[in-house]
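For reference, the structure is listed below as structure tokens.
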Amino acid sequence: MLDEGPCHGYAIAREIERRSRNALTLGEGSLYPALRALEAEGLVTSSWEVQASGPARKVYGLTEAGRGELAKRARSWREFARAIEAVLEGGARGPQPA
């Protein structure tokens, strides 16, 4: 989500749910600790956004290191997903014994 631009936690969670057709749901207990860990690793930054109405909210964004790590992890995940799909489909089989 942060690859598309800075975003606050609630919006990140709702967009992940929307894109996954609610297959992935993120509660505060998992999302915010993950964002803090990414920030501690230097992959994400945060700042407070003051709103005209309502409380200030923390907005997260990717660092350059975060963009590089995202690309690396996305490639790895796609390779893993393709491997799982090949297993589920039965994959290409060699010649069968007679």
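Counting in the numbering used here, the sequence shown runs from 4 upward without gaps.
Ideal Cβ placement from N, Cα and C applies to all residues, glycine included.
- About 14 Å separates the CB atoms of Leu5 and Gly45; that is not less than 8 Å, and the two are not in contact.
- DSSP, read as helix, strand or coil, puts Ser79 in helix.
- For Ser49, the uninterrupted beta strand (DSSP E) run begins and ends at Val47 to Glu52, by DSSP.
- In this structure, Ile15 sits away from Leu27, with a CB-CB distance that is not shorter than 9 Å.
- In chain order, Val62, Tyr63 and Gly64 place their CB closer than 7 Å to the CB of Pro9, counting only its own chain and leaving out the 5 sequence neighbours on each side.
- Collapsing the DSSP output to three states places Arg60 in a strand.
- Taking C-beta atoms under 8 Å as the contact rule, Gly12 and Leu38 qualify, at a distance of about 6 Å.
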